[in-house]
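Novice: Dropping the structure in here first, questions after.
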Amino acid sequence: MEFTEAYKQTGPCCFSPDGRYLAVAVDYRLVVRDVVSLKVVQLFSCVDKINFLDWAPDSEYILCGLYKRPMVQAWSLSQPDWTCKIDEGPAGIAYARWSPDSRHILTTSEFQLRLTVWSLVNTACIHVQWPKHASRGVSFTKDGKFAAICTRRDCKDYVNLLSCHSWEIMSVFAVDTVDLAGVEWSPDDSAIVVWDSLLEYKVLIYSPDGRCLFKYLAYESGLGVKTVAWSPCGQFLAVGSYDQAVRTLNHLTWKTFAEFSHAASIRNPTNAAIFKEVDDPWQLDMSELCLSEGFSRNMQGNGAENGTEGGSRVKYAVMDAPITLPSQKPVTDKPNPKQGIGMLSWSSDSHYFFTRNDNMPTALWIWDICRLDLAAVLVQKDPIRAAAWDPNCPRLVFCTESPHLYMWTPSGACCVNVPLPNFRVVDLKWNSDGTCLLLKDRDSFCCAAIVSPLPEEEEADQSDVTSEDE
């Protein structure tokens, strides 16, 4: 892998949808860089510190959320002198997002009093009363023609379908939830999934005309749904819950066809590859070298500064079953226990999905939906902070707030050292074409690119599971 130098950031960073630009918040300044050269393309100054960034789908406009004001500012990449300010006044702004046409901004007020659609074309605005959530509860069709917005009135949850052309309400239907937690269109726009709060396990599938196609309740008398994710192909719906299991539904009958449990012990028989992160100290024979005392101290100091813990590095060791994974017992007297499927995401080809069970935060599970079996488990030394699939292939990259980057593909796994001093990766994102990877530290960021090996090198490495230190 190749890495750039580190650059300052104080808040959100995100790639443009076309993958050409990178927007970075530095206090009250919005810095837009070219992805290839990382040169500054545009520099905008907001009226306060930037808390949130969102690119318009056409990569022409950038939205900045200044929630301390509260205010939203939007900027144009091609017209630097153009700007837009949205101020809800006493109602405040809890969240803002772009519409699919890139010419409207949707803001949700504090206390979910109303959702407002602001037009950048004719300055008109349309209100939707009593949205259910600030950042959740809104989903757009893939073709960008319709929006599903969840609302609540008279102690009842509703789904409002709006046209993204006129922003008129096309239909409203009540949903059978006690406390609706989220809504999501299917990738083919043929169905809408809604799910209940964590207090009750309930997943409901609706048609766009409001008919309930299927109601799924896996169990009763326990904490319910925690994560929901459609596969990119639209054929599978994965539901992660607090009982440490993922259940997958098919799009034809909406019946459950597989259940994937996360047991603390992995026993035989299993076809899963188990990778465990271990220390890999440098193997250097220095018996015949004569170094001055000052030079030795300098080398040791540089090793510690680079975050390599005295020159050591890490690698993956392939483990055999049976193996017991590190786990934590959830605290029972506090809300939102760290238990259940907290992370769930599909690969771009819908062949794999990964999960993280929150009471086993150092283990990442990768499942093969074609074989309906566990493909791999990666056991880390530190809790997993973020993970992301390559947009072009089943390659998974993740981080643990350490100076290393971790990668898995169906052919194996490896560890990559980040060659920047005191840089610990806390978050990561791919750009849309998979050519660049954004790595974030607490107050800086860098970009990385995966260099394709030569054909003969690739063949030689297929049978090896090694550590990379680039």
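Plus 3 on top of the position in the sequence shown (first one is 1) and you've got this note's numbering. Just so it is clear, CB atoms sit at the ideal spot from N, CA and C, and this is done for glycine as well.
What residues match up with K432 in a beta bridge as DSSP calls it?
Specialist: Note: K432 sits in a beta bridge opposite L441.
Novice: Could you tell me which of E63, V231, V50 and Q342 sits nearest to G185, measuring between CA atoms?
Specialist: Cα-wise, what sits closest to G185 is V231.
Novice: Is E113 helix, strand or coil by DSSP?
Specialist: Helix at E113.
Novice: Quick check on DSSP: helix, strand or coil for P364?
Specialist: Correct three-state label for P364: coil.
Novice: Helix, strand or coil, according to DSSP, for P93 in the structure here?
Specialist: In the structure shown, P93 sits in a helix (DSSP, three-state: H, G or I).
Novice: Three or more C-beta pairs under 8 Å: does that hold for the stretch 197 to 216 against the stretch 169 to 189?
Specialist: A contact exists between the stretch 197 to 216 and the stretch 169 to 189.
Novice: P235 and S351: beta carbons closer than 7 Å?
Specialist: A contact, by the Cβ cut-off of 7 Å.
Novice: Excluding sequence positions up to five away, which residues of its chain have a Cβ less than 6 Å from the Cβ of K258?
Specialist: Correct list: empty, nothing qualifies.
Novice: Suppose you measure from the CA of S169 to the CA of K443; what does that come to, to the nearest Å?
Specialist: Roughly 39 Å between the two C-alpha positions.
Novice: Exposed or buried, D1, counting other C-beta atoms within 10 Å across all chains shown (16 or more means buried)?
Specialist: Beyond the ends of the chain as shown, which are 4 and 473, falls residue 1; an answer cannot be given.
Novice: Where does S268 fall in DSSP's three states?
Specialist: Three-state result, S268: strand.
Novice: When the Cα atoms are used, what is the spatial distance from G314 to R427?
Specialist: For G314, the predicted model reports a pLDDT of 48, less than 50, meaning its position is unreliable; a value from the coordinates is still stated below. One C-alpha to the other measures close to 16 Å.
Novice: Apply the 10 Å Cβ neighbour rule to E280 and answer buried if 16 or more other Cβ atoms are within range, or exposed otherwise.
Specialist: The residue is buried, with at least 16 neighbouring Cβ atoms inside 10 Å.
Novice: Measure the alpha-carbon distance for M346 versus L123 and round it to whole angstroms.
Specialist: Distance between the alpha carbons of M346 and L123: 36 Å.
Novice: Report the rounded CA-to-CA distance for L165 versus T7, giving the unit in angstroms.
Specialist: Computed Cα separation, rounded: 44 Å.
Novice: H136 by DSSP, collapsed to three states: which one?
Specialist: It is coil, neither helix nor strand.
Novice: Thinking C-alpha only, which one of Q331, K135 and S105 is nearest Y98?
Specialist: With distances taken between Cα atoms, Y98 lies closest to K135.
Novice: Would you report the Cα separation of G227 and I96, rounded to the nearest angstrom?
Specialist: C-alpha separation (whole angstroms): 30 Å.
Novice: Should L255 go down as buried or exposed, given a rule of 16 or more other Cβ atoms within 10 Å for buried?
Specialist: When all chains shown are included, L255 counts as exposed.
Novice: Using a C-beta cutoff of 7 Å, does T438 count as contacting chain D?
Specialist: Absent from the structure: chain D. Only one protein chain is present.
Novice: According to DSSP, which residues form a beta bridge with R36?
Specialist: Answer by DSSP bridge pairing, in chain order: L25 and V43.
Novice: For the ligand SAM, any of its heavy atoms closer than 6 Å to the Cβ of S330?
Specialist: This structure lacks the ligand SAM, and indeed carries no ligand of any kind.
Novice: Counting along the chain, where does the beta strand (DSSP E) carrying E187 start and finish?
Specialist: Here the beta strand (DSSP E) through E187 covers L183 to W188.
Novice: Opposite Y64 in the DSSP bridges: which residues?
Specialist: Looking at the DSSP assignment, Y64 forms a beta bridge with S79.
Novice: List the whole-angstrom C-beta distance separating Y219 from L252, where the pair is believed to meet the contact cut-off of C-beta under 8 Å.
Specialist: Contact holds; Cβ gap of about 7 Å.
Novice: Quick one: measure Cβ to Cβ for L423 and A391, integer angstroms, because I've assumed they're closer than 8 Å.
Specialist: L423 to A391, Cβ: 19 Å. No contact.
Novice: Considering only C-alpha positions, which residue in the set K11, S244 and I53 is nearest to R445?
Specialist: With distances taken between Cα atoms, R445 lies closest to K11.
Novice: Under the three-state reduction of DSSP, which class applies to L377: helix, strand or coil?
Specialist: Residue state, collapsed to three classes: strand.
Novice: Suppose you measure from the CA of M322 to the CA of A276; what does that come to, to the nearest Å?
Specialist: So the alpha carbons of these two residues sit roughly 8 Å apart.
Novice: Identify every residue that forms a DSSP beta bridge with I152.
Specialist: Partner(s): V141 and N163.
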